[in-house]
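Below is one structure, written out as structure tokens, with a few remarks after it.
Residue numbers (the numbering used here): 63 to 202.
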């Protein structure tokens, strides 16, 4: 019984050391979100998906697209979950005339210029060819 207790205590100490080391040295635990480069090619695709989700739910006459990415994280959870904080800015493209954001410049008219701070969480399940926008929050 004493050996089992000592093994249990040693295991608990080892787990605590790993948790503390992970918190203090920037290492992340498996399954936890981790920061990714703002230039990540997959992130760019997810940012477009987020902008399309916003545009589909918006009543604005113009399309919005990402102007600044403030923070981006990836988490592996039965797929890949992206957590993104970014600015969406109004473009010159009207919704009725265009859906391709790559050809849309940002609005230069001061009266029409608008930027929103947004938080998105997008879940990709590649083997099912599924994409879901889990969270879409924007404010002026």
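Each residue gets a CB set at the ideal place from its N, CA and C atoms; glycine is no exception.
C-alpha distance - residue i paired with residue j, whole-angstrom precision
i           : j           : result
residue 146 : residue 162 : 21 Å
residue 160 : residue 142 : 29 Å
residue 96  : residue 115 : 23 Å
residue 101 : residue 158 : 30 Å
residue 192 : residue 173 : 38 Å
residue 155 : residue 166 : 6 Å
residue 182 : residue 91  : 22 Å
residue 125 : residue 150 : 10 Å
residue 171 : residue 180 : 22 Å
residue 200 : residue 164 : 21 Å
residue 104 : residue 139 : 16 Å
residue 133 : residue 93  : 18 Å
residue 195 : residue 99  : 20 Å
residue 190 : residue 184 : 15 Å
residue 148 : residue 168 : 15 Å
Residues bridged to residue i [DSSP beta-bridge criterion]
i          : result
residue 25 : Lying outside 63 to 202, the shown extent of the chain, residue 25 is not represented and no answer is given.
residue 97 : 135
Beta-carbon proximity check, residue i vs residue j, cutoff 8 Å
i           : j           : result
residue 113 : residue 128 : yes
residue 198 : residue 119 : yes
residue 131 : residue 108 : no
residue 117 : residue 152 : no
residue 202 : residue 186 : no
Practice task
Could you pull out every unbroken alpha helix (DSSP H) segment of at least 4 residues lying fully inside the stretch 101-136, listed in chain order?
Solution key: 103-119
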